[in-house]
Ligand SMILES: [Zn+2]
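In UniProt numbering, the protein residues as written are 1 to 281.
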């Protein structure tokens with residue numbers, strides 16, 4: 001224990017400031033997206049089996065929807081630029097820009113040096129949830145992805161159906177890469193439908209039973225050509241445990257929708273970040 005200084009209370013009482021005020025973030029044209037979505041037609045779907053993952057492609061300007069079917073289930077979502085896997089979802093920067101959990105109007109941002117919106121959330125049937133009395137909320141960008149290495153570190157286990165391994169297998173099978181080539185492309189996720197927070201007393205990451213029910217969905221507008229990977233987490237609704245075969249798990253459905261011809265006239269995919277990359281040299 002350290003001894004508090006005489007002005008400890010005064011120091012603690014200083015009001016926080018927002019690290020990244022987001023008023024100057026380029027705002028998505030949600031009215032345009034809503035008009036495009038109204039005339040869109042479904043072009044495909046992928047059903048993700050429990051404790052497994054699938055990849056899917058979404059052209060720029062199309063929509064994709066992740067749906068709860070059969071029972072409460074959380075999903076771990078990876079996104080890549082379909083033409084360049086080195087541009088991928090950047091969970092940490094997305095968290096810094098939007099906060100710990102995402103909902104309608106917020107965006108999934110890509111890694112450096114691109115740092116641009118990859119997808120914009122256009123629909124969230126769990127938007128009503130807000131922040132509960134434990135500090136929990138839905139669709140977080142604070143968790144990583146469940147993985148076999150942490151399980152081995154903590155419990156000496158060899159479990160093969162964590163989201164990390166599921167996503168690795170799915171990316172390998174979709175691209176033809178071998179497992180070891182695919183694995184480094186797997187990255188920290190958007191935890192779709194997962195309800196999480198940090199405990200107030202110890203600051204620990206917690207999860208609780210997801211409020212998702214069959215019929216709920218989270219929908220996105222693809223800002224660039226996307227390759228997605230979605231794992232139906234072995235934690236099921238994450239009410240008790242993950243990284244094992246004990247939780248009840250259900251499939252997740254991904255649907256893709258194409259806008260009507262001309263619905264996005266004048267719209268362009270966002271450009272890569274404008275920093276000149278000379279780094280002071
Ligand atoms: Zn998982």
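For every residue, glycine included, the Cβ atom is placed at its ideal position computed from N, Cα and C.
If you're wondering where the values come from, they're calculated on a predicted model, not measured in any experiment.
- Rounded to whole angstroms, the gap between the alpha carbons of residue 258 and residue 80 is 19 Å.
- Minimum Cα-Cα distance from residue 146 among the listed residues 214, 244, 6, 44 corresponds to 244.
- Contact between the segment 195-210 and the segment 126-145 is present: three or more C-beta pairs spanning the two stretches fall below 8 Å.
- Closest in alpha carbon position to residue 174, among 56, 51, 6, is 56.
- For residue 163, the enclosing alpha helix (DSSP H) stretches over residues 163-175.
- Counting every other CB atom within 10 Å of its CB across the protein chains shown gives residue 86 a total below 16, marking it as exposed.
- Look at residue 74: its beta carbon is less than 8 Å from one of the heavy atoms in ligand 1.
- Distance from the CA of residue 172 to the CA of residue 52, rounded to the nearest whole angstrom, comes to 13 Å.
- Of all alpha-carbon atoms in 94, 165, 228, the one lying nearest the alpha-carbon of residue 25 is that of 94.
- Leaving aside the five residues that flank residue 214 on each side, the residues in its chain whose CB is nearer than 7 Å to its CB run, in chain order, 68, 69, 70, 71.
- Between the C-alpha atoms of residue 158 and residue 151 there is a straight-line separation of about 8 Å.
- If you look at residue 91, you'll find it in the alpha helix (DSSP H) that goes 91-98.
- Non-local C-beta neighbours of residue 35 in its own chain, meaning closer than 7 Å and more than five positions away in sequence, comprise 263, ordered along the chain.
- One Cα belongs to residue 272, the other to residue 60, and the distance between them is close to 14 Å.
- DSSP places residue 213 outside both helix and strand once states are collapsed to three, so it counts as coil.
- For residue 119, no alpha helix (DSSP H) run applies; the uninterrupted beta strand (DSSP E) run containing it begins and ends at 117-124, by DSSP.
- Spatial neighbours of residue 82 in its own chain (CB-CB distance under 7 Å, excluding positions within 5 residues in sequence) are listed in chain order as 57, 225, 226, 227.
- Contact between the segment 120-132 and the segment 216-223 is present: three or more C-beta pairs spanning the two stretches fall below 8 Å.
- Take the alpha-carbon of residue 20 and the one of residue 64: they are about 28 Å apart.
- For residue 88, no alpha helix (DSSP H) run applies; the uninterrupted beta strand (DSSP E) run containing it begins and ends at 84-88, by DSSP.
- For residue 233, the distance from the CB to the nearest heavy atom of ligand 1 is below 8 Å.
- Note on the segment 226-261: whole beta strand (DSSP E) runs with a minimum of 3 residues are 226-232, 252-258, in chain order.
- A distance below 9 Å separates the beta carbons of residue 189 and residue 76.
- When the five nearest sequence neighbours on each side are left out, the beta carbons in the same chain lying within less than 8 Å of the beta carbon of residue 22 are those of 97, 98, in order along the chain.
- Residue 31 places its beta carbon 9 Å or farther from that of residue 119.
- Taking each of 40, 14, 49 in turn and checking the Cα distance to residue 250, the smallest one comes out for 49.
- Residue 249 has its Cβ no nearer than 8 Å to any heavy atom of ligand 1.
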